[in-house]
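Protein chains: 6
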Amino acid sequence: MNLTAATWTDADSVETDLAVLPVGSTEQHGPHAPLGTDCLTAEAIAKKGASQADPEVVVAPTIPVGIAEEHRQFTGTLWVQPDTFRSYVRETVASLAHHGWDRVVIVNGHGGNVDALREVGARLTRDEMAYTVPFTWFDSVDMDEIREEVSDADNLSMGHGGPVETSLVQYLQPELVQTERLSEADAGAADGWGEWHSGVNLVYDSAEFSENGTVGKPSESSAELGEALHSQAVSNLAALLETVAERDIERPTHT
Amino acid sequence: MNLTAATWTDADSVETDLAVLPVGSTEQHGPHAPLGTDCLTAEAIAKKGASQADPEVVVAPTIPVGIAEEHRQFTGTLWVQPDTFRSYVRETVASLAHHGWDRVVIVNGHGGNVDALREVGARLTRDEMAYTVPFTWFDSVDMDEIREEVSDADNLSMGHGGPVETSLVQYLQPELVQTERLSEADAGAADGWGEWHSGVNLVYDSAEFSENGTVGKPSESSAELGEALHSQAVSNLAALLETVAERDIERPTHT
Amino acid sequence: MNLTAATWTDADSVETDLAVLPVGSTEQHGPHAPLGTDCLTAEAIAKKGASQADPEVVVAPTIPVGIAEEHRQFTGTLWVQPDTFRSYVRETVASLAHHGWDRVVIVNGHGGNVDALREVGARLTRDEMAYTVPFTWFDSVDMDEIREEVSDADNLSMGHGGPVETSLVQYLQPELVQTERLSEADAGAADGWGEWHSGVNLVYDSAEFSENGTVGKPSESSAELGEALHSQAVSNLAALLETVAERDIERPTHT
Amino acid sequence: MNLTAATWTDADSVETDLAVLPVGSTEQHGPHAPLGTDCLTAEAIAKKGASQADPEVVVAPTIPVGIAEEHRQFTGTLWVQPDTFRSYVRETVASLAHHGWDRVVIVNGHGGNVDALREVGARLTRDEMAYTVPFTWFDSVDMDEIREEVSDADNLSMGHGGPVETSLVQYLQPELVQTERLSEADAGAADGWGEWHSGVNLVYDSAEFSENGTVGKPSESSAELGEALHSQAVSNLAALLETVAERDIERPTHT
Amino acid sequence: MNLTAATWTDADSVETDLAVLPVGSTEQHGPHAPLGTDCLTAEAIAKKGASQADPEVVVAPTIPVGIAEEHRQFTGTLWVQPDTFRSYVRETVASLAHHGWDRVVIVNGHGGNVDALREVGARLTRDEMAYTVPFTWFDSVDMDEIREEVSDADNLSMGHGGPVETSLVQYLQPELVQTERLSEADAGAADGWGEWHSGVNLVYDSAEFSENGTVGKPSESSAELGEALHSQAVSNLAALLETVAERDIERPTHT
Amino acid sequence: MNLTAATWTDADSVETDLAVLPVGSTEQHGPHAPLGTDCLTAEAIAKKGASQADPEVVVAPTIPVGIAEEHRQFTGTLWVQPDTFRSYVRETVASLAHHGWDRVVIVNGHGGNVDALREVGARLTRDEMAYTVPFTWFDSVDMDEIREEVSDADNLSMGHGGPVETSLVQYLQPELVQTERLSEADAGAADGWGEWHSGVNLVYDSAEFSENGTVGKPSESSAELGEALHSQAVSNLAALLETVAERDIERPTHT
């Protein structure tokens, strides 16, 4: 059930304790993919995954601004401080739990949110406010398997605005990818994320290592690849929701 | 320009210092109107108003969860604490300003956000981070004028989930209004907001004075009325944006 | 019972759960009225209103500094940040409640405090710390009725340092009004508060629209008008206290 | 100049950078002395001391609620958390400094505020917001000297609601001391503050060591003693203000 | 230079802008390894690495309590909230920078601190307070290489209180490892960290998946393995410090 | 039991509710004594005192950075803000209490921490999280008695980096005192702490009144004096721990 479109009486008649909260970011994704990439991917997977799960699942609206200061040198990137983001997500989940939806999967589309969402999930779970786990769709996907099936790429890694994200947008909303700029995007892209030494990433901002904000080769994207990613992420989420629904969520006691 | 759909390079090529940030709430609107009413009305008016203004205007994504603890007894209502909401909005506006869009109109669809947005606007403006004013669409509309033109109602006041909001949703997304429940909605509605004594509202939660969360007569709604409201709000916003664009925003000095 | 003057043993022997907390501001009120206007009016009305109410009422000391950054361009205006003010008031009320005085009316003399006090009242009430409502004396008064009775003014609106506040000070502490400056005050005053467009106040500071900080015509003030205002505000407060004393303050449950 | 009674134009015409901010507490002072003792003593000394100093001194209104949780078992005691108190005082001083009064003496009447005020003074001074020092009147007084002059007591120490504070109230507002309860007050009083072991005070609340909240022998109080205390505290404050006025307040640089 | 043992004049005579701040945790490491494991490993590697680097490096004292709520079911585990830890580390680094040591490597011994330290490093670096990167020693080590050289283990992964950490303590302070309990430790250990589904760790506390808090086979530890780990971590840190010393740390500008 | 060196199973087998938490500071102590003076003195006394007390006592690791902004003009001084320090200590004690060690003595070596630790102890005690008292070793010692026994000094007061602290370091870790600089240290030292007027300390930083950060005559130090100080402080702490162990820690009720 999509909360945004439902009335409160409809929401009240749902028999479930499961909810998903999509969380994205509005931030640069190269010259070819939209600033809203992380929102639209998270939302699409959340809605589809929720609909495929067996118990009914409530879908909350998508939180559109996350932790993205690392992209602030590229126009249009929006962000809030980590503390603010954590509070906003935590309190939103707490309000879901207030209505009895106290098993919550946060469906995340942005790497920069991962650490904060784990912290929020721990707090809510330990306080027994809501059992909450963050699901970052691209961390759930077996990239090697998908590459073998539907991609010519030598290597299919997440990158940023690279083939993975670009393909998913092409599948979901093809008009939002500027395909005529894909080779330009390749040209200004970095090969990998960051600049590493002794296990340490020496940089904090994408502008330190990528000319146009992209990491990876956007030109290797395709709607077909996007469909495969979508399909696997959706299945993974649906399976996760069923696992969460049945899980014993009692907290361990002091040893 | 809709930020969500644009690439950063597109956003970078816009010549403007004007942005709008739609802010809504996900909260009960009676048994007939969707929980997302305040988001979809704010977003629709923001986009249309921005497109009608003469200087180009950047449209940020819609913030979906606001200050709505007052409706928490009705299922599906989401909320964060006022401090969290203020920080989330303030920092989002600050990130808009970081890109040079430092004249910002917050387009608001929810009464419970009004005080907080005024506080945020003051802070951002006084700190010279961004000249920021909140525009709450229903406070801009001349209800009497509209009532005379397109409504049979004796009285057209804002209410909550009443004819004003319901009509606007009917105009924007008619499938989201459960018209078959309008008379039921009337039956459980309150006549006015709160319970007053000596200029003081003695209650804090809508469940204290409304059976089903509604204030006003939803059955007096119509798509025609919605269109009139939309049209006037959009014109008001466009005019405001032009005023803001030309305004001298230097702060006054100590007397 | 005036807490400041009482011993703890006297306070302990009072049989009541009712308290009032006067809250003012130290801020400019034009060239003719004192910086302490909002404190002395709130305190006077709080004490008199409490004494006229039927159940005994504890009167806390007056909080003298509020939210008044909007007047900071005028010398002598003091202010704290809204968050600080909210915490200071909320915790003071909580300490009243600790002694069993858990029905609290905050008697407020300053418009800039209104939103914050409503937020504080909501928090304390919903947390069942204390049922708390803010009473802003000038919002309780029927200005039209009073104008007809005792004023020649065409229009009697609140303004700032205008006839309403000036009159009340004249009645309470006439030596604090510089009557010889009233026409000068008129000359530098604004007609109304702020600068409005499409339901939006475009300004944040009084120095943006008033030369000397005044709004309204101070020369229309009189001690007689002040007495009428005082009398009505006091009666309203006393009536409110009796209502609060008898009110069922149990919180509504989830629908 | 008393800010509360002055207009902003009067405040504006003062040529000084000196201000005093009286800070008290509303808390139990035994069965015989008023809850407002610390406010009225701080305010009286602040006003008189300011008037005796040579440069003109602005007197801010008195902050009435401080750090007094230690007395909360006695009815009528009000308190806020230390963080809230520090913010409230710090921001009030910052607003004084905004008008050019950036040498501020906080005149304090309550022992429980001392640590917090020192922390606030350090912050304001180091940030070069305002050179700020807290003056706690009873720490400035030479008790031995005064005892020899005007008291029969063997020992004149501060205590709580003891001869020192009680005498000062008797001198300032005799009607607020319940002299008929002085022997009763003696009977339930503690000899000293706290319960000590190895330089550590083992208790946190006055109810842990005093039956009626008093420390010391209130019956040894007299208006004459109060006058002597007042006179010395006032002289000390006036001398301090002159010292502060002439002091080089530049911060030391890194060695 | 070890700050703790130096005088301020000695510290003042050092010509460097490099500092390391060791950060550990006091938390369970199974029945065989000490609660202080993460502190002593971080401190040893920090001191040795600093001494091997070419530019002189200031070594700050070790922060002993970190983010370890995940181990709280096991006696002796200490922890603070993530916000508190971030502030404590950030302000400590800022004080190092105050003396000109504004290139700081945080040497970390605990997995639970990693996310927070990255956030702190980003904040300090972006604010140009200090260029700060966290070095987590075990993330710098090539476990496969070391396993081939000095271990019989099929697999050498970090675990918790497993062969990696246990070996390092055996090398550094052999008396702190209870070797007679190693097989008992194996028996109650988990094979891996957490419980995973679709890329999501479903648990938050180690007591949810490990009987005695250990992850990995402690019995595969040896002082020889510890020496190899130490040696490589120290070399990595020394190399990192030289890289940091020479790095251009100017922040990128807006594109 | 020293937590750092113990395993969690060892910690679990201790039958006690007593713990000590050593708290120091890393800050200048003149040209002759180490920056870590306050840490090493607090830790030594805590460990020895704990071992001499009759009930078993858990010893937590030493918190190395405190409130020392007052010494920041001297190189190597580290500090955090008071709020951060209070949270860090409070939460560390709360984690001790989580394991049943809910009678906690904080053993403090730094004057600048005293006020904050008292505030923390009050909060933890009143919230019934843990009965917590701060023991500042030099406030427990009878300086006159010790001076008569083992010192030629006319006066033995605490100072800063003076004979008291220097002697204790000489006793504990003689290699850390630069004895050849003692007369130089004397030369740049202040006689007393601060600059006083009317009971007010007019300065906030040690650099305002001491050339080299020292207060007192370091040349009057000796290992013998250090031993006497240590011995008395240790006895005092042991006696305090026994008192705390047997104390009735129930909170007083409202009078």
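Residue numbers (the numbering used here), protein chains in the order written: chain H, 139 to 393; chain A, 139 to 393; chain Y, 139 to 393; chain D, 139 to 393; chain R, 139 to 393; chain E, 139 to 393. The C-beta atom is built at its ideal place from N, Cα and C for all residues, glycine as well.
- Contact between the region 212-221 of chain Y and the region 369-387 of chain E is absent: fewer than three C-beta pairs spanning the two stretches fall below 8 Å.
- In this structure, E:ASP155 lies near E:ARG241, with their beta-carbon atoms less than 8 Å apart.
- Contact between the region 288-299 of chain A and the region 157-164 of chain A is absent: fewer than three C-beta pairs spanning the two stretches fall below 8 Å.
- With fewer than three CB-CB distances shorter than 8 Å, the region 319-329 of chain D does not count as touching the region 180-191 of chain D.
- Closer than 8 Å at the C-beta level to chain E, one finds no residue of the region 262-276 of chain R.
- Cα atoms of D:PRO220 and D:ILE205: separation of roughly 6 Å, rounded to the nearest angstrom.
- Rounded to whole angstroms, D:SER278 and E:VAL338 show a C-alpha spacing of 7 Å.
- In the DSSP annotation of this structure, the continuous segment of the beta strand (DSSP E) that includes A:THR270 starts and ends at 269-274.
- Residues of the region 344-362 of chain D with a C-beta less than 9 Å from any C-beta of chain Y: ASN350 and GLY351, listed in chain order.
- For A:PRO301, the enclosing alpha helix (DSSP H) has its first and last residue at 301-310.
- Judged by DSSP secondary structure, D:ARG241 falls within the beta strand (DSSP E) whose first and last residues are 241-246.
- Under the Cβ criterion of 8 Å, A:HIS167 is not counted among the residues facing chain Y.
- With at least 16 other beta carbons inside 10 angstroms of its own, Y:HIS236 counts as buried.
- Here A:ASP176 is buried: its Cβ has 16 or more other Cβ atoms, across all protein chains shown, within 10 Å.
- In the structure shown, E:VAL353 adopts extended strand secondary structure according to DSSP, grouped into three states.
- Relative to E:ALA361, the option among E:LEU310, E:SER151 and E:TYR342 whose CA is nearest is E:LEU310.
- A direct Cα-to-Cα measurement between E:ALA171 and E:SER225 gives close to 29 Å.
- Less than 8 Å divides the Cβ of Y:GLY351 from the Cβ of Y:GLN166.
- For Y:VAL382, the uninterrupted alpha helix (DSSP H) run begins and ends at 361-384, by DSSP.
- Below the 8 Å Cβ cutoff, chain Y contributes SER225, TYR226, GLU229, THR230 and SER233 as neighbours of D:VAL218, in chain order.
- At least 8 Å separates the CB of E:VAL161 from every CB of chain R.
- Checking the DSSP bridge columns, you'll see A:PRO160 partnered with A:VAL245.
- R:GLY174 belongs to the set of residues whose beta carbon lies under 8 Å from a beta carbon in chain E.
- R:ASN140 carries a strand assignment under DSSP once its states are collapsed to helix, strand and coil.
- Checking the DSSP bridge columns, you'll see A:ALA328 partnered with A:VAL353.
- D:MET296: not part of any alpha helix (DSSP H); DSSP gives it neither H nor E.
- When Cβ-Cβ separations below 8 Å define contact, A:ILE205 makes no contact with chain H.
- For R:SER278, the nearest beta carbon of chain H is closer than 8 Å to its own beta carbon.
- A contact between stretches requires three or more CB pairs, one per stretch, nearer than 8 Å, and the region 340-358 of chain Y fails this requirement with the region 243-256 of chain Y.
- For Y:HIS392, the neighbours in chain A by C-beta distance under 9 Å run, in chain order, ARG210, GLN211, PHE212, THR213 and ALA345.
- Per DSSP, the unbroken alpha helix (DSSP H) holding R:TRP146 starts and ends at 146-151.
- D:VAL203 carries a coil assignment under DSSP once its states are collapsed to helix, strand and coil.
- Ranked by how close their Cα comes to the Cα of Y:ALA383, the residues Y:VAL203, Y:TRP239 and Y:VAL258 have Y:TRP239 in first place.
- In the DSSP assignment, Y:VAL338 forms a beta bridge with Y:HIS335.
- Look at Y:HIS167 here: in three-state DSSP terms it is strand.
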